[in-house]
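Data first, discussion second: the structure below is written as structure tokens.
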Ligand SMILES: Cc1cc2nc3c(=O)[nH]c(=O)nc-3n(C[C@H](O)[C@H](O)[C@H](O)COP(=O)(O)OP(=O)(O)OC[C@H]3O[C@@H](n4cnc5c(N)ncnc54)[C@H](O)[C@@H]3O)c2cc1C
């Protein structure tokens, strides 16, 4: 099976990226088993939320992403291969999928970087402010790209920046995702 973008990791980085891509009609699959450290967090520091436990934040985010049309696959990605058409992932239960764009949002587990020989910065994946890695059409963000100084808000921002980069590539020009209130 082939989709427009595969996102590995279902924490705030991966879900934020999926939301923007699906909103703009890209066919997106997010892989992950809902095992993010957000389930240990209690948010007093997320702009727009007075306070919320991390599990509620994840539940709302997962539903929002599903409602927008992305797919959540509760599977662990074991390997990534480069193909003539992009990148092919294989999961622990031997499910395969391929896409031209690949996003690595795996938090503190950066082991998949070795499959693509991605450049590292210490233990983290090297990525620029749009999440671009050393390999064309492979992006990384959030905790996967930062040793420390990480917050949910930073991951959500990184995921959004990656989505805008992918959308810009698809459009062939720099793009935003701005809306205005519906008319009464
Ligand atoms: C105890 C604790 C309390 C915290 N409290 C706060 C807080 O109050 N406020 C705040 O802003 N932040 C808090 N954080 C930090 C917050 O949890 C992180 O900033 C955030 O989770 C990072 O998001 P991420 O998407 O980059 O990575 P993660 O949330 O780590 O998401 C990565 C996801 O990818 C999955 N994954 C990894 N490898 C694979 C694979 N091969 N295939 C499929 N899926 C894979 C993981 O299981 C995980 O679900 C806390 C963290 C901890 C540990």
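Residue numbers (my numbering): 1 to 184. Even glycine gets a Cβ: it sits at the ideal position worked out from N, Cα and C.
Enclosing beta strand (DSSP E) for residue i [first to last residue]
| i | result |
| --- | --- |
| residue 103 | 101 to 104 |
| residue 3 | From DSSP, residue 3 is part of no beta strand (DSSP E); its letter is neither H nor E. |
| residue 140 | 138 to 140 |
| residue 88 | 86 to 91 |
| residue 175 | That residue, residue 175, is in no beta strand (DSSP E); it is neither H nor E in DSSP. |
| residue 71 | 71 to 73 |
| residue 82 | 77 to 83 |
| residue 29 | 28 to 31 |
Pair within 7 Å by beta-carbon distance, residue i and residue j
| i | j | result |
| --- | --- | --- |
| residue 21 | residue 161 | no |
| residue 29 | residue 159 | no |
| residue 60 | residue 39 | no |
| residue 109 | residue 79 | no |
| residue 31 | residue 73 | yes |
| residue 77 | residue 8 | yes |
| residue 50 | residue 75 | no |
Burial state of residue i, where buried means 16 or more other Cβ atoms lie within 10 Å
| i | result |
| --- | --- |
| residue 57 | buried |
| residue 1 | exposed |
| residue 155 | buried |
| residue 144 | buried |
| residue 42 | exposed |
| residue 48 | exposed |
| residue 97 | buried |
Through-space distance from residue j to residue i, alpha-carbon basis
| i | j | result |
| --- | --- | --- |
| residue 62 | residue 121 | 30 Å |
| residue 127 | residue 184 | 43 Å |
| residue 176 | residue 24 | 10 Å |
| residue 69 | residue 27 | 8 Å |
| residue 82 | residue 148 | 30 Å |
| residue 16 | residue 92 | 24 Å |
| residue 152 | residue 4 | 26 Å |
| residue 117 | residue 137 | 14 Å |
| residue 112 | residue 87 | 12 Å |
| residue 18 | residue 102 | 11 Å |
| residue 130 | residue 182 | 30 Å |
| residue 133 | residue 66 | 27 Å |
Boundaries of the alpha helix (DSSP H) in which residue i is found, first to last residue
| i | result |
| --- | --- |
| residue 157 | 152 to 171 |
| residue 59 | 54 to 68 |
| residue 15 | 12 to 23 |
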